[in-house]
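One point on numbering: in our numbering, the residue at position 120 of the sequence shown is 124, and numbering is uninterrupted.
Here the structure comes first, spelled out in structure tokens, and everything after it is commentary.
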Amino acid sequence: MSKGAQSNFFTLQNVISSDDASSSAKKPKITELSANLGFDSPSSFFTSVETLKKESRSACLLIAPKKRSLSEQRDFSKREVSEGSGSLECRLVPEKSVDKTAADGSECTRSEDNGYRCTCTTPEGQSKPCCSTPCLYQDQLKGYRCYSGWKQIECSPQYSLIAIEGKRCRDDHPCATYGEDYYWCYTDESWEYCSPPLWGSRTKDGKFCRSDYACAKYNKDDLWCYTDNVGSWNYCCTSDDCFSAVQYKTCKPDHPCGYHGKGYLWCYTTDGSWDYCCKQCV
5 MSKGAQSNFF
15 TLQNVISSDD
25 ASSSAKKPKI
35 TELSANLGFD
45 SPSSFFTSVE
55 TLKKESRSAC
65 LLIAPKKRSL
75 SEQRDFSKRE
85 VSEGSGSLEC
95 RLVPEKSVDK
105 TAADGSECTR
115 SEDNGYRCTC
125 TTPEGQSKPC
135 CSTPCLYQDQ
145 LKGYRCYSGW
155 KQIECSPQYS
165 LIAIEGKRCR
175 DDHPCATYGE
185 DYYWCYTDES
195 WEYCSPPLWG
205 SRTKDGKFCR
215 SDYACAKYNK
225 DDLWCYTDNV
235 GSWNYCCTSD
245 DCFSAVQYKT
255 CKPDHPCGYH
265 GKGYLWCYTT
275 DGSWDYCCKQ
285 CV
């Protein structure tokens with residue numbers, strides 16, 4: 005905890021716990037309380053925020069991107085691309101299952117959860133599903149899911165106010181899918197793509213995607229990402245595991261990603277074909 009945050013915390017603690025019998029004045033009421041958290045890497049941010057969502061029904065929106073020196077921008081190692089250098093700062097907010105935004109991130113004017121399903125109404129009068137439980141990453145499904153009543157549905161987690169190239173999203177419109185098949189947000193000028201909340205995506209030559217430019221389509225037909233800050237890019241897999249292939253394909257259980265006698269990473273896929281994959285496992 006920083007010295008400033010520590011001072012504010014103890015001041016608040018003293019105010020609300022004070023039992024001054026000589027004073028007839030009522031204790032002050034807390035009308036607003038905000039907190040920012042700092043992390044040293046995308047993976048620690050991801051792990052901690054998933055725990056926050058499960059244990060306290062809170063999410064954390066990135067508000068400050070990593071800052072890299074010029075030498076770091078020119079010379080990336082696998083670890084630097086995956087983890088980055090410098091700090092990540094995020095703002096605590098209520099998790100969507102408490103805040104009752106729609107599962108896709110859309111604003112709700114009202115919501116109803118009757119135990120069978122959770123529905124919300126947008127300002128435009130559109131009815132959308134909402135989350136009864138926290139929106140969490142599911143390893144087996146390679147994506148985010150929550151329960152809307154008794155049914156498990158796809159959801160868009162709250163994770164960032166930073167779009168690609170470091171552009172700032174509007175505070176009332178953080179990165180989410182909003183009914184699209186990609187993450188985006190409104191900025192003060194227009195709108196912009198967001199890097200999806202995938203902290204371990206790789207390219208088909210085994211390199212890590214930039215943590216602030218994770219594997220996505222970004223207005224192209226195929227999944228791709230940058231691997232450094234000087235324009236190097238390649239096609240990619242959304243997950244860092246032995247069975248993820250490009251274009252959302254999956255390697256067969258008995259044929260994990262590897263070179264298999266070729267000069268590139270590939271595997272037989274579950275659709276009866278083969279394709280490039282992104283992590284050498286055999």
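Here a beta-carbon is modelled for each residue, glycine too, at the ideal position from N, C-alpha and C.
| Asked | Found |
| --- | --- |
| Within 10 Å of its beta-carbon, does leucine 92 have 16 or more other beta-carbons around it, so buried, or fewer, so exposed? | buried |
| Bridge partners for tryptophan 228 per DSSP, in chain order? | Ala220 and Tyr239 |
| Starting from tryptophan 278, follow its DSSP beta bridges and name the residues at the other end. | Tyr272 |
| Any chance the CB of histidine 264 is under 7 angstroms from a heavy atom of the ligand ATP? | Among the ligands in the structure shown, none appear at all, so the ligand ATP cannot be discussed. |
| If we call anything under 8 angstroms between Cβ atoms a contact, is cysteine 213 one with cysteine 173? | no |
| Since I believe leucine 65 is in contact with serine 164 (beta carbons under 8 angstroms), could you give me their beta-carbon distance rounded to a whole number of angstroms? | 6 angstroms |
| Would you say aspartate 209 faces chain D, with C-beta separation under 8 angstroms as the test? | Note that chain D does not occur in the displayed structure, where there is just one protein chain. |
| Please list, in chain order, all residues of the same chain as valine 286 whose beta carbon is under 6 angstroms from its beta carbon, the five residues on each side excluded. | Pro260 and Gly262 |
| State the beta-bridge partners of glycine 262 as determined by DSSP. | Trp270 |
| Taking the straight line between their C-alpha atoms, what separation do you get for isoleucine 168 and lysine 224? | 15 angstroms |
| What span of residues does the alpha helix (DSSP H) with proline 46 cover, start to end? | 46 to 60 |
| I need the boundaries of the beta strand (DSSP E) containing serine 131, first residue and last residue. | 131 to 133 |
| So what's glycine 170 in DSSP terms, helix, strand or just coil? | helix |
| Enumerate in chain order the residues of its own chain whose CB-to-CB distance from cysteine 150 is below 8 angstroms, with the five nearest sequence positions on each side excluded. | Lys100, Ser101, Ala107, Cys135, Ser136, Thr137, Pro138, Cys139, Leu140, Gln156, Ile157 and Cys159 |
| Could you tell me how far apart the beta carbons of asparagine 238 and threonine 207 are, in whole angstroms, since I believe they sit closer than 8 angstroms? | 4 angstroms |
| Candidates Lys253, Tyr268, Gly267 and Lys283: which alpha carbon is nearest serine 277's? | Lys253 |
| Relative to the alpha-carbon of serine 152, which residue among Ser205, Thr105 and Tyr187 has its alpha-carbon at the smallest distance? | Thr105 |
| By how many angstroms is the C-alpha of tryptophan 188 removed from the C-alpha of glutamine 130? | 20 angstroms |
| What are the residues that DSSP puts in a beta bridge with leucine 65? | Arg95 |
| In angstroms with no decimal places, state the Cα-to-Cα distance between glycine 204 and serine 52. | 15 angstroms |
| From which residue to which residue does the beta strand (DSSP E) around aspartate 117 run? | 114 to 117 |
| What does the alpha-carbon distance come out to for the pair alanine 180 and aspartate 275? | 29 angstroms |
| Kindly indicate the opening and closing residues of the alpha helix (DSSP H) around lysine 100. | 100 to 103 |
| For aspartate 209, which option in Glu59, Arg114, Ser60 and Lys266 has the closest C-alpha, if you only look at C-alpha atoms? | Lys266 |
| Apply the 10 Å Cβ neighbour rule to threonine 231 and answer buried if 16 or more other Cβ atoms are within range, or exposed otherwise. | buried |
| Select from Gly147, Ile67, Arg61 and Trp154 the residue whose C-alpha is nearest the C-alpha of leucine 202. | Gly147 |
| Would glutamine 162 be called buried (16 or more neighbouring beta carbons within 10 Å of its own) or exposed? | buried |
| With DSSP as the reference, label cysteine 213 as helix, strand or coil. | coil |
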